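Colleague: Just so you know, the sequences run in chain order A and B. Quick note on the UniProt record's numbering: the first sequence kicks off at 1 and runs consecutively. Quick note on the UniProt record's numbering: the second sequence kicks off at 1 and runs consecutively.
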Amino acid sequence: MSNRTHPPLRPASAGRAGGRSAQSPPPSAAAAPRRRARRGPRGERLAPYVLVAPAILIIVALRLWPLGLGVNFSFTGDGERNGAPVGFDNYADLFGDPLFRTALRNVGLLVLLLPIAVAIPGLLATFIYLRVPGHRFFRSVYFFPAVLSPVIVGAIFNLLLAFDGPLNALLAKVGLGPVDWLGDPGIAMFAVVGVHIWATFGMALVVFLAGFATLDGALLDAARVDGASLGQVIWHVIVPGLSRTIQFVFVTTMIGMLTSMFGLLYVMTSGGPEGSTYLPEYYIWIQQGQFNRPALASAASTVLFMIMLVVGLLQLSLLRRAVKES
Amino acid sequence: MAASAARPALIAVLATAGCGSASGPKDEDKSAAGGKLVVWDWKSGDATAASYVQKAKADFARKHPNVEVEFVAQPFDQYYTLLGAAIQSGKGPDVMLFNGGGQIRDRVDSLVALDEFVAPDRQRLAGWDAFGKGGRTYAAPVTLQGHPIYYNKALYKKAGLDPERPPATWTELLADCAAIVKAGARCFAQGNKEGIGIQFFMSGLGSGILTPREYDDWIAGKRDWQAPDVKRLFQLWKEVNDAGLNTDGANSTAMFNDAFAAFQAGKAAHMIGLMSDIGHWKDFNEFLEPANVGVMTAPVVTEGATPNLPYDGGIGYAVARWTKDPKVAADLVRSLTATDALASFYADAGAIASDTTIDVSTAGPAVATIVADLEAGKPALHVALSSQTIELMGRLSQQLLSGSVTVDEAVRQLAASDKPA
Numbered sequence: 001m002s003n004r005t006h007p008p009l010r011p012a013s014a015g016r017a018g019g020r021s022a023q024s025p026p027p028s029a030a031a032a033p034r035r036r037a038r039r040g041p042r043g044e045r046l047a048p049y050v051l052v053a054p055a056i057l058i059i060v061a062l063r064l065w066p067l068g069l070g071v072n073f074s075f076t077g078d079g080e081r082n083g084a085p086v087g088f089d090n091y092a093d094l095f096g097d098p099l100f101r102t103a104l105r106n107v108g109l110l111v112l113l114l115p116i117a118v119a120i121p122g123l124l125a126t127f128i129y130l131r132v133p134g135h136r137f138f139r140s141v142y143f144f145p146a147v148l149s150p151v152i153v154g155a156i157f158n159l160l161l162a163f164d165g166p167l168n169a170l171l172a173k174v175g176l177g178p179v180d181w182l183g184d185p186g187i188a189m190f191a192v193v194g195v196h197i198w199a200t201f202g203m204a205l206v207v208f209l210a211g212f213a214t215l216d217g218a219l220l221d222a223a224r225v226d227g228a229s230l231g232q233v234i235w236h237v238i239v240p241g242l243s244r245t246i247q248f249v250f251v252t253t254m255i256g257m258l259t260s261m262f263g264l265l266y267v268m269t270s271g272g273p274e275g276s277t278y279l280p281e282y283y284i285w286i287q288q289g290q291f292n293r294p295a296l297a298s299a300a301s302t303v304l305f306m307i308m309l310v311v312g313l314l315q316l317s318l319l320r321r322a323v324k325e326s
Numbered sequence: 001m002a003a004s005a006a007r008p009a010l011i012a013v014l015a016t017a018g019c020g021s022a023s024g025p026k027d028e029d030k031s032a033a034g035g036k037l038v039v040w041d042w043k044s045g046d047a048t049a050a051s052y053v054q055k056a057k058a059d060f061a062r063k064h065p066n067v068e069v070e071f072v073a074q075p076f077d078q079y080y081t082l083l084g085a086a087i088q089s090g091k092g093p094d095v096m097l098f099n100g101g102g103q104i105r106d107r108v109d110s111l112v113a114l115d116e117f118v119a120p121d122r123q124r125l126a127g128w129d130a131f132g133k134g135g136r137t138y139a140a141p142v143t144l145q146g147h148p149i150y151y152n153k154a155l156y157k158k159a160g161l162d163p164e165r166p167p168a169t170w171t172e173l174l175a176d177c178a179a180i181v182k183a184g185a186r187c188f189a190q191g192n193k194e195g196i197g198i199q200f201f202m203s204g205l206g207s208g209i210l211t212p213r214e215y216d217d218w219i220a221g222k223r224d225w226q227a228p229d230v231k232r233l234f235q236l237w238k239e240v241n242d243a244g245l246n247t248d249g250a251n252s253t254a255m256f257n258d259a260f261a262a263f264q265a266g267k268a269a270h271m272i273g274l275m276s277d278i279g280h281w282k283d284f285n286e287f288l289e290p291a292n293v294g295v296m297t298a299p300v301v302t303e304g305a306t307p308n309l310p311y312d313g314g315i316g317y318a319v320a321r322w323t324k325d326p327k328v329a330a331d332l333v334r335s336l337t338a339t340d341a342l343a344s345f346y347a348d349a350g351a352i353a354s355d356t357t358i359d360v361s362t363a364g365p366a367v368a369t370i371v372a373d374l375e376a377g378k379p380a381l382h383v384a385l386s387s388q389t390i391e392l393m394g395r396l397s398q399q400l401l402s403g404s405v406t407v408d409e410a411v412r413q414l415a416a417s418d419k420p421a
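#1: Please list the partners that Tyr80/B has in chain A, where partner means a Cβ-to-Cβ separation under 7 Å.
#2: Apart from the five residues on each side of it in sequence, which residues of its chain come closer than 6 Å, Cβ to Cβ, to Leu304/A?
#3: Starting from Asn66/B, find everything on chain A with Cβ-Cβ shorter than 8 Å and list it in chain order.
#4: Give the DSSP-derived three-state secondary structure of Lys55/B in the structure shown.
#5: Looking at Leu205/A and Tyr283/A, is the spacing between their C-beta atoms short of 8 Å?
#6: Buried or exposed: Ile238/A, going by 16 or more other Cβ atoms within 10 Å of its Cβ?
#7: Please list the residues of the region 192-203 of chain B that have a C-beta atom closer than 7 Å to any C-beta atom in chain A, keeping them in chain order.
#8: Figure out for me which residue from Gly256/A, Val118/A, Gly79/A and Ala47/A has the closest Cα to the Cα of Ile87/B.
#9: Using a C-beta cutoff of 8 Å, does Pro145/A count as contacting chain B?
#10: Can you check whether the CB of Gly197/B is closer than 8 Å to the CB of Pro310/B?
#11: Counting only C-beta atoms, is Leu176/A closer than 8 Å to chain B at any point?
#12: If the cut-off is 8 Å on Cβ atoms, which residues from the region 243-257 of chain B count as contacting chain A, listed in chain order?
#13: Give me the chain B residues within the contact set of Ala182/A, using Cβ-Cβ distance strictly less than 9 Å, ordered along the chain.
#14: Can you give me the C-alpha to C-alpha distance between Gly244/B and Phe73/A, rounded to a whole angstrom?
#15: Thr169/B by DSSP, collapsed to three states: which one?
#16: Taking Gly294/B as part of the alpha helix (DSSP H), name the residues at either end of that continuous run.
#17: Against chain B, with Cβ distances strictly below 8 Å, would Phe163/A count as a contact?
#18: Going by the CB atoms, is the gap between Leu336/B and Ser354/B shorter than 8 Å?
#19: Could you confirm whether any beta carbon from chain B is found closer than 8 Å to the beta carbon of Ser270/A?
#20: Under the assumption that Phe200/B contacts Val240/B (Cβ atoms under 8 Å), give the Cβ distance between them as a whole number of angstroms.
#21: In the DSSP output, which residue or residues are listed as bridge partners for Val319/B?
#22: Name the DSSP bridge partner or partners of Met271/B?
#23: If you count every other CB in all the chains shown that lies within 10 Å of the CB of Trp235/A, and 16 or more means buried, which is it?
#24: Which residues of chain A have a Cβ atom closer than 7 Å to the Cβ of Gly84/B, listed in chain order?
#25: Looking at the C-beta of Pro185/A, does it have a partner C-beta in chain B at a distance below 8 Å?
#26: Cβ closer than 7 Å: which chain B residues qualify as neighbours of Gly275/A?
#27: Go ahead and pull the three-state DSSP assignment for Phe188/B.
#28: Does DSSP put Tyr266/A in a helix, in a strand, or in coil?
#29: Consult DSSP for Asp359/B and reduce its assignment to one of helix, strand or coil.
#30: Given this structure, state the Cα-to-Cα distance separating Phe71/B from His64/B, to the nearest angstrom.
#31: In the DSSP assignment, what residue or residues form a beta bridge with Asn82/A?
#32: Would you mind stating whether Tyr138/B and Ala305/B have Cβ atoms separated by less than 8 Å?
#33: Using 8 Å as the limit for Cβ to Cβ distance, is Trp285/A near chain B?
#34: According to the neighbour-count rule (16 or more other Cβ atoms, all chains shown, within 10 Å of its Cβ), is residue 475/B buried or exposed?
#35: What does Gln398/B touch in chain A if you count any residue whose Cβ is under 7 Å from its own?
#36: By the three-class DSSP mapping on this structure, what secondary structure does Asn246/B have?
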């Protein structure tokens with residue numbers, strides 16, 4: 001960036017030195033050449049490296065070096081083979097473990113559920129923007145769950161979704177059989193994701209509302225005058241107008257789903273029933289803490305890192321494209 | 001400029017810490033330096049353990065007045081995670097509390113064998129086996145943990161059964177359960193959300209299902225998962241649930257503490273519970289009245305089985321390998337298992353202490369039955385399993401209940417997981 005906007009470094013500082021000698025009283029005639037000799041071209045060439053060194057060092061020392069250690073650690077053994085190099089054994093164990101495969105499948109499931117997690121706050125924000133009756137009330141109520149910690153949310157829904165809990169009592173009243181929300185492996189993951197969406201959509205809603213603030217009201221009026229229905233207004237005016245906001249919410253929701261479900265899972269299902277609600281994070285925690293297999297946990301962390309890297313790069317390219325479009 | 005001078009130092013620190021984490025604890029770490037012993041547990045923060053800790057500290061102070069003792073109570077949920085990290089860094093506590101069984105056996109590499117230090121306590125305390133591996137002992141038992149079958153005498157009366165004659169065979173149990181279900185309660189309070197229900201079921205009923213020979217072989221590590229009696233155990237686990245004898249939604253009900261709560265509320269007549277800490281005679285006495293809490297032995301399923309009380313050392317204190325003076329740390333362990341201290345723990349926390357000389361005659365019939373049964377008791381079946389196999393069994397037990405795995409497939413997977421260490 002600086003290279004493009006400014007002239008190259010050396011002529012620039014040479015010019016500055018010249019400027020200074022013109023404005024201020026010149027330093028003693030002998031001092032100037034001596035200084036140029038000491039901090040000559042080589043010092044100036046090194047200057048940018050010195051300036052970025054602190055940032056690089058911090059990243060290397062606190063990010064890359066530990067990352068390298070972790071990856072290196074994942075190629076060593078646990079228990080009796082502690083510290084011994086074992087090659088790809090941990091990775092073979094990992095992909096041979098049905099629990100880890102379930103955890104990866106659940107990551108895929110989260111990606112598939114992402115559009116729903118984005119559509120819900122998007123639609124609700126649209127209704128608020130279009131001033132449905134009581135929109136002021138809804139605006140504050142929708143945000144409320146976002147201030148609760150996952151542990152509290154999990155505890156509340158543990159009670160609500162219990163087999164003999166209020167939700168099943170309600171279902172029984174309308175003549176539907178009880179559903180084992182957290183005990184049926186086919187349902188539990190959806191129940192937990194549903195609760196996660198409920199607990200976090202308030203934040204996305206606020207982002208959407210902020211996006212609406214930039215929407216041109218005249219376009220909406222024009223569409224209405226032209227006799228567009230609600231669906232047509234949403235599809236042809238609001239969605240294109242909010243494309244950058246929608247992309248942003250997609251990215252942040254994805255990150256939220258992949259990185260902050262641990263608390264909910266821990267409280268609501270502990271990875272069960274039948275291991276159906278495992279996520280990589282939870283798997284890492286179990287292997288490290290419960291089974292005393294830190295090296296295997298490192299291997300799982302490395303795989304999770306790879307997944308996050310791919311997701312992150314995809315998101316970056318998405319965002320870059322969005323910026324280009326604008 | 002000061003910051004940039006500090007940075008190489010920071011990198012050096014990180015580098016050395018990194019090396020340590022890859023190679024495990026180092027012997028030369030001296031966390032007991034300065035005459036101080038650090039104890040990790042999840043008990044000392046409880047009000048009910050206050051007098052126990054105080055008495056143990058006083059006892060230790062008499063022997064080693066110059067050594068300071070610091071108790072660090074960790075949250076139990078995180079305990080083994082934190083301990084694992086401490087072990088990896090070689091900077092753990094000197095003395096630490098362990099659950100008996102897999103949790104300590106997986107970590108004996110980091111512990112001091114205590115045999116020579118605790119020899120005088122051998123006879124007085126029970127439950128050593130749960131803290132041993134390869135013929136050596138790594139912790140001294142504080143409490144005993146086991147799985148008595150509790151029953152609600154009031155529900156027996158309500159169902160027209162004799163509360164003083166609990167069923168002795170499986171057939172009798174099924175007949176009694178039919179009467180209890182008719183009277184509007186369930187037969188068993190069950191909670192298997194954590195996969196713990198199967199552990200209680202296996203150990204609580206196992207001595208009525210396996211023959212004494214099979215039982216002893218199992219404990220000794222010669223486990224035949226394909227044996228008909230072992231399969232029978234898992235079949236019964238499923239049949240009991242399928243027949244509607246369990247409380248509803250076993251897979252989504254937590255053993256801790258929703259299943260216990262169901263028993264305490266009189267929703268079910270039987271509960272395979274615990275002896276110490278929680279879900280035990282003291283809790284049940286409070287809710288159901290001591291006179292209504294009965295303890296029965298496992299009903300006989302297989303001819304020739306001899307039902308007995310399954311129990312092991314529950315929790316016990318171990319000494320870390322990196323402590324400065326193992327003798328001093330072992331003395332602290334001995335103080336923590338002294339009769340006086342353990343008597344307080346029994347009385348305040350409601351634990352069956354490992355010390356068999358403590359008088360329990362005033363605590364009601366249930367605890368009297370349990371203590372009387374200790375003599376003939378045997379180690380619990382599930383405690384003999386590794387934590388990996390236990391975890392797998394928990395998951396498979398949920399699949400058995402939901403019907404997504406067969407008994408044959410379940411025992412096949414368990415046999416594969418239960419490889420000799």
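C-beta atoms are modelled at their ideal positions from N, C-alpha and C, and glycine is treated no differently. The model shown is predicted, which means the values in this text are computed figures rather than measured ones.
Modeller: Judging by the given coordinates:
#1: Residue mapping note: residue 80/B aligns to position 80 of the second sequence, counting from 1. What Tyr80/B touches in chain A: Gly289 and Gln290.
#2: Walking along the first sequence from the start, residue 304/A turns up at place 304. Excluding positions up to five away in sequence, the list reads Pro280.
#3: The sequence position of residue 66/B within the second sequence is 66, counting from 1. Neighbours of Asn66/B on chain A: none; closest Cβ ~35 Å, over 8 Å.
#4: For the purposes of this step, residue 55/B is taken as the residue at position 55 of the second sequence. Residue state, collapsed to three classes: helix.
#5: Walking along the first sequence from the start, residue 283/A turns up at place 283. Walking along the first sequence from the start, residue 205/A turns up at place 205. No, the pair does not count as a contact, with Cβ atoms beyond the cut-off.
#6: Residue mapping note: residue 238/A aligns to position 238 of the first sequence, counting from 1. Classification of Ile238/A: buried, given that the 10 Å Cβ count is 16 or more.
#7: Lys193, Glu194 and Gly195
#8: Along the second sequence, read from residue 1 onward, the residue named residue 87/B stands at position 87. When each option's Cα is compared against that of Ile87/B, the closest is Gly79/A.
#9: For the purposes of this step, residue 145/A is taken as the residue at position 145 of the first sequence. Cβ-Cβ to chain B under 8 Å: no for Pro145/A.
#10: Stepping through the second sequence from its first residue, residue 310/B is reached at position 310. Stepping through the second sequence from its first residue, residue 197/B is reached at position 197. Not a contact, by the Cβ cut-off of 8 Å.
#11: For the purposes of this step, residue 176/A is taken as residue 176 along the first sequence, with counting starting at 1. No, its Cβ sits nowhere closer than 8 Å to a Cβ of chain B.
#12: Asp248, Gly249, Ala250, Asn251, Ser252 and Thr253
#13: To locate residue 182/A, count along the first sequence from 1; it is residue 182. Inspection of the sequence shows that residue 182/A is occupied by Leu rather than by Ala. Residues of chain B passing the Cβ test: Lys193, Gly249, Asn251 and Ser252.
#14: To locate residue 244/B, count along the second sequence from 1; it is residue 244. To locate residue 73/A, count along the first sequence from 1; it is residue 73. Their backbone Cα atoms lie some 49 Å apart in a straight line.
#15: In the second sequence, counting from the first residue as 1, residue 169/B sits at position 169. Strand, per DSSP.
#16: Numbered from its first residue, the second sequence carries residue 294/B at position 294. From DSSP, Gly294/B is part of no alpha helix (DSSP H) but of the beta strand (DSSP E) over Val293 to Met296.
#17: To locate residue 163/A, count along the first sequence from 1; it is residue 163. Cβ-Cβ to chain B under 8 Å: yes for Phe163/A.
#18: As a working note, residue 354/B is residue 354 in the second sequence. As a working note, residue 336/B is residue 336 in the second sequence. Going by C-beta atoms, Ser354/B is not nearer than 8 Å to Leu336/B.
#19: The residue given as residue 270/A occupies position 270 in the first sequence. Yes, its Cβ sits closer than 8 Å to a Cβ of chain B.
#20: Your numbering for residue 200/B matches position 200 in the second sequence. Your numbering for residue 240/B matches position 240 in the second sequence. In fact, because the Cβ distance is near 12 Å, the residues do not count as touching under 8 Å.
#21: As a working note, residue 319/B is residue 319 in the second sequence. Beta-bridge pairing links Val319/B to Val95/B.
#22: For the purposes of this step, residue 271/B is taken as residue 271 along the second sequence, with counting starting at 1. Answer by DSSP bridge pairing, in chain order: Tyr150/B.
#23: Position 235 of the first sequence holds residue 235/A. It is exposed - the Cβ of Trp235/A has fewer than 16 other Cβ atoms within 10 Å.
#24: As a first step, residue 84/B must be located in the second sequence, where it is residue number 84. What Gly84/B touches in chain A: Gln288, Gly289, Asn292 and Pro294.
#25: One-based indexing of the first sequence puts residue 185/A at position 185. Yes, because at least one Cβ of chain B sits closer than 8 Å to the Cβ of Pro185/A.
#26: Residue mapping note: residue 275/A aligns to position 275 of the first sequence, counting from 1. Simply Arg395.
#27: Counting from one through the second sequence, the residue named residue 188/B turns up at place 188. Reduced to three states, the DSSP call for Phe188/B is strand.
#28: By one-based count along the first sequence, residue 266/A stands at place 266. Helix.
#29: Translated into positions along the second sequence, residue 359/B becomes position 359. Correct three-state label for Asp359/B: coil.
#30: By 1-based counting over the second sequence, the position of residue 71/B is 71. By 1-based counting over the second sequence, the position of residue 64/B is 64. Going by the C-alpha atoms only, they are around 16 Å apart.
#31: Translated into the one-based positions of the first sequence, residue 82/A becomes position 82. DSSP output for Asn82/A lists Gly77/A as bridge partner(s).
#32: Residue mapping note: residue 138/B aligns to position 138 of the second sequence, counting from 1. Residue mapping note: residue 305/B aligns to position 305 of the second sequence, counting from 1. Not a contact, by the Cβ cut-off of 8 Å.
#33: Your numbering for residue 285/A matches position 285 in the first sequence. Judged by the 8 Å Cβ criterion, Trp285/A is in contact with chain B.
#34: As shown, chain B starts at 1 and ends at 421. That puts residue 475/B outside it, with no answer to give.
#35: In the second sequence, the residue the question calls residue 398/B occupies position 398. The contacting residues are Gly272, Pro273 and Glu274.
#36: Within the second sequence, the letter at position 246 stands for residue 246/B. It is a strand residue.
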